[in-house]
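Taking the UniProt record's numbering, I'd label the letters of the sequence shown as residues 1 to 699. Every residue gets a Cβ at the ideal spot worked out from N, C-alpha and C, and that includes glycine. Read through the structure below, which is laid out as structure tokens, and then see the notes.
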Amino acid sequence: SLVVLFGATAGAYGAKLGSDERELILLVWQVVDLHSKKVGTLHKSLVKADNLDLSDQCREVSGLTPEGLGKAEPLDRVLQQFSQLVSSDLKVLGRSSYTLCSDGQLLIRQVLHPETSKKNFLLSDCFYSFYDLRKEFHTCYPSSAAVKDQTIKTMAEYLGLGTDETEEDFGVWQVKTMVAIIFSMLSESCNHIFTEPETVKYKYETGPCSKSETVDSETVIRARGLPWQSSDQDIARFFKGLNIAKGGVALCLNAQGRRNGEALVRFVNSEQRDLALERHKHHMGSRYIEVYKATGEEFLKIAGGTSNEVAQFLSKENQVIIRMRGLPFTATQEDVLGFLGPECPVTGGKEGLLFVKYPDGRPTGDAFVLFSCEEYAQNALKKHKEILGKRYIELFRSTAAEVQQVVLNRYMSTPLIPTLPTPIIPVIPPPYTIATGSIRDCVRLRGLPYTAGIDDILEFMGDATADIKPHGVHMVLNQQGRPSGDAFIQMKSADKAFMVAQKCHKKMMKDRYVEVFQCSGEEMNFVLMGGTLNRSGLSPPPCKLPCLSPPAYAAFQTAAVIPAEAALYQPQALLPTTRTPQASAAAPPTVTYYPAQAAQLYMNYTAYYPSPPVSPTTVGYIAAPPGAVAAAATATHTPILPQPGALVRMQGLPYNTGMKEILSFFQGYQYAPDDYTGLIQLSDQARSVLQAPKEWVCL
């Protein structure tokens, strides 16, 4: 038997059903016996929503009113009545089992499952398997319209059935027409058989992902704005009703190994992915979640792994994974098992523990633990911030993808300065500089699509492109070197900036609206160098400590200049022509030094780069010919870095450490120059580049 089911929400109708997160307000159903071709009683039930503010479309199409819905039963009671009435009708027809049949996938996947999940009650098993009438109809009548273009009305018209919706109440006509369509498909001329129902997964299955797997880009999305404490199960619950692939949730980590509020999710097919995209800006608790397309390559970068140790650890499937952080470096497996205690036994004992180590074998203080059930995991989480040794231990839910990222040292395997940079040489700044001052002749673009490039921004600006200063487009990148969704534009005057902000604010770029604000050059520089700009005003860049560098070392200037890593993002065709050593030697005395191998430096929070319409702005980047190094050193009296192997970095120093303490620490060793310029404390700007809050570099 089939139970033909139709429903409506308080919001969008048709192809957008469920996309606006509105609640269910109507259910209509009827039992159909496929063998005897008999039908049961047609039932129509109103549902009382928490929010009775109906959309205009809902009022127009359904004819329902808030007053009428206010007298209805809530959803959980309506679903109980549904089960009871269906069972009663089946007995009358002499049947015992049934499968749901709906007009498309939206009612089941995008309305019922998400809403019941948010309201914390379970759907009965019948809602995890259903027939999609549109797919069945297209299988029976291949010459009909494509599945995505089908509606109840178009299917009825194809069969020549009556299509006057005004004759019946809303919902009643739809169910009666669906029943008539089914009987037409069961006729001798078609003899259609319902054999392969759609299924909804009961729960998300965890599991590892190999880096050698092929992941279809049409099945992956990126979710952004997640609460930092959310787990893979929380994300699966957000996408309740859609089938996520096994091990298909990968939480993204930042450069420090902490979750950054993003996740990549892989679905079983492109159809499920497209439904997931319709949940853009749906809510997880009080936060709305942005959902965008992503690629299979991005998913593998986060979730893929090849470590045998990780593969063996994750080979035990359907386990709950807990991450422990802050363990003493001397902690052993016995210490961890004793800390967890008998109330939360670890799966496989010691085999269920995985300690995270640096590439050189030193412990990081992190570990992952497997539990066989939710109860044991909950008992373990209750030990959050309890003491082991002399340290409190943090416990969080984790995922297989996070295990692979952390253990494979995605954020720890490359030291900040893996090898000694090549010698640095002075570079002449071109005449163009980034604007400073309080004149509000700049605009900030916020909310850009992550795929937006310079051409998209120029097209978005329209006629105002002519008023952009040369070298005046600046993209803001995040700490992974990817677009952050922000950009700054330098205009020729404050009036031009005001006009652009008025004209382009909340104008659409691709599928997103972009906010445009007028700002000053000072505010722009603050953000580009790692600060934040919001309604509360300016917040300074991180790590603002006094600059104690010896004045003779001019490695980093305090003026607003482009960090060296910006060269990573410059097309080679846009780089300035390489200067000759003679030109460098003849440079003015005011010069700025930057390492030639910019690839070894990373910004702490944000990085930026100057963009077309013309070319890079503030600094020219050139290689260091051997002859130029000596010439530059002679001309500027700046110490030259020694040969590889003569440079060490000290990390973890007290903030008040001075040169005297450093020299005392290295007493008995021969250090570089007598004037101590071989000791280089990292200045504010250098510190933001090297991600080191308290470090010295020693020659």
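Inset, instruction - Identify, in the order they occur along the chain, each residue of the same chain with its Cβ nearer than 8 Å to the Cβ of Val3, setting aside the five sequence neighbours on each side. - result: Counting only Cβ-Cβ distances below 8 Å, and skipping sequence neighbours, we find Trp29, Gln30, Val31, Val32, Val86, Tyr98, Thr99, Leu100, Cys101, Cys126.
Inset, instruction - Verify whether the separation of the beta carbon atoms of Ala303 and Cys209 is less than 7 Å. - result: In this structure, Ala303 places its C-beta atom within 7 Å of the C-beta atom of Cys209.
Inset, instruction - Answer with yes or no whether the minimum CB distance from Ser143 to chain D is below 7 Å. - result: This model lacks chain D altogether; it includes just one protein chain.
Legend entry - Span separating the alpha-carbon of Thr65 from that of Lys203: In a straight line, the C-alpha of Thr65 is about 37 Å away from that of Lys203.
Legend entry - residue 709 versus Phe267: straight-line alpha-carbon distance, rounded: Examination of residue 709 is not possible in this model, given that the chain is present from 1 through 699 alone.
Inset, instruction - Work out the CA separation of Val527 and Ala494 for me, nearest whole Å. - result: The straight-line gap from Cα to Cα measures roughly 19 Å.
Inset, instruction - Give, in chain order, every unbroken run of the beta strand (DSSP E) that is at least 3 residues long and sits entirely within the UniProt domain "RRM" (219-296). - result: Correct list: 220-224, 244-253, 259-267, 282-284, 287-293.
Legend entry - contact_flag[the segment 385-393, the segment 323-335] where n(CB pairs < 8 Å) is 3 or more: Taking a cut-off of 8 Å on C-beta distances, the segment 385-393 touches the segment 323-335, as three or more cross pairs fall below it.
Legend entry - Limits of the alpha helix (DSSP H) - the one that Glu157 falls within: The continuous alpha helix (DSSP H) containing Glu157 extends over residues 152-159.
Legend entry - Extent of the continuous alpha helix (DSSP H) to which Pro114 belongs: It spans 113-118 - the alpha helix (DSSP H) in which Pro114 sits, taken as one unbroken run.
Inset, instruction - Could you give the DSSP three-state label for Arg512: helix, strand or coil? - result: Correct three-state label for Arg512: strand.
Inset, instruction - List the endpoints of the continuous alpha helix (DSSP H) containing Phe368. - result: Judged by DSSP secondary structure, Phe368 falls outside any alpha helix (DSSP H) and instead within the beta strand (DSSP E) spanning 363-371.
Inset, instruction - Return helix, strand or coil for Leu601, following the three-state DSSP convention. - result: A caution first: Leu601 carries a pLDDT of 30, below 50, which makes its placement in the model unreliable, though a value can still be read off. Leu601 falls in the coil class under three-state DSSP.
Legend entry - Nearest-angstrom Cα separation, counted from Phe238 out to Gly11: Going from the Cα of Gly11 to the Cα of Phe238 covers about 20 Å.
Legend entry - Contact check, Val61 vs Tyr128, beta carbons under 7 Å: In this structure, the beta-carbon distance from Val61 to Tyr128 does not fall below 7 Å.
Inset, instruction - Report the rounded CA-to-CA distance for His280 versus Leu264, giving the unit in angstroms. - result: C-alpha separation (whole angstroms): 14 Å.
Legend entry - Backbone CA spacing between Val310 and Ala236 [nearest angstrom]: Computed Cα separation, rounded: 23 Å.
Legend entry - Leu27 - containing beta strand (DSSP E), residue span: Start and end: 24-33.
Legend entry - Nearest-angstrom Cα separation, counted from Ala15 out to Cys58: So the two alpha carbons sit approximately 13 Å from each other.
Inset, instruction - Round the Cβ separation of Gly352 and Leu370 to the nearest angstrom and send it over; I've been treating them as touching at under 8 Å. - result: Rounded, the Cβ-Cβ distance is 4 Å, consistent with contact.
Inset, instruction - Tell me Met491's beta-bridge partners as DSSP assigns them. - result: Looking at the DSSP output, Met491 bridges to Ile468.
Inset, instruction - Return the CA-CA distance between Gly521 and Arg482, expressed in angstroms with no decimal places. - result: Near 23 Å, if we compare the C-alpha coordinates of Arg482 and Gly521.
Inset, instruction - Quick one: give me the first and last residue of the beta strand (DSSP E) that Ile321 is part of. - result: Element bounds for Ile321: 320-325.
Legend entry - Cβ-based neighbour list, Tyr141, same chain, cut-off 6 Å, excluding 5 preceding and 5 following: Taken in chain order, the list of residues that qualify is empty.
Inset, instruction - From the DSSP output, in three-state form, read off Gly7 for me. - result: The DSSP-derived three-state label of Gly7 is strand.
Inset, instruction - Pick out whichever of Asp53, Ser1, Leu54, Gly18 has its Cα sitting closest to the Cα of His35. - result: Ranked by how close their Cα comes to the Cα of His35, the residues Asp53, Ser1, Leu54, Gly18 have Ser1 in first place.
Inset, instruction - Flag this pair as touching only if the segment 110-122 and the segment 155-174 have three or more C-beta atom pairs under 8 Å; answer yes or no. - result: Contact fails between the segment 110-122 and the segment 155-174, because fewer than three Cβ pairs, one in each stretch, are under 8 Å apart.
Legend entry - DSSP-derived helix/strand/coil call for Thr139: It is helical.
Inset, instruction - Tell me, please, which residues DSSP counts as bridged to Thr177. - result: For Thr177, which the question treats as bridged, DSSP gives no partner whatsoever.
Legend entry - 6 Å Cβ shell around Met461 - same chain, five flanking residues per side excluded: The beta carbon of Met461 sits closer than 6 Å to none of the beta carbons in its chain outside the five residues before and after it.
Inset, instruction - Using three-state DSSP, classify Leu448 as helix, strand or coil. - result: It is coil, neither helix nor strand.
Legend entry - Inter-residue spacing [alpha-carbon to alpha-carbon] between Arg512 and Pro449: About 7 Å.
Legend entry - Backbone secondary structure at Pro483 - three-state DSSP: Of the three classes helix, strand and coil, the one that applies to Pro483 here is strand, per DSSP.
Legend entry - Under the three-state DSSP convention, the category Cys126 falls into: Here Cys126 sits in helix by DSSP.
Inset, instruction - Within the same chain, show all residues whose beta-carbon is closer than 6 Å to that of residue 700, passing over the 5 residues directly before and after it, in chain order. - result: A question about residue 700 goes unanswered here, because the residues of the chain that appear run from 1 up to 699.
Legend entry - Other residues of its chain near Val220: CB distance less than 8 Å, five sequence neighbours each side excluded: Closer than 8 Å at the Cβ level, and outside the excluded window around Val220, lie Leu264, Val265, Arg266, Phe267, Arg273, Lys293, Ala294, Thr295, Gly296, Glu298, Phe299.
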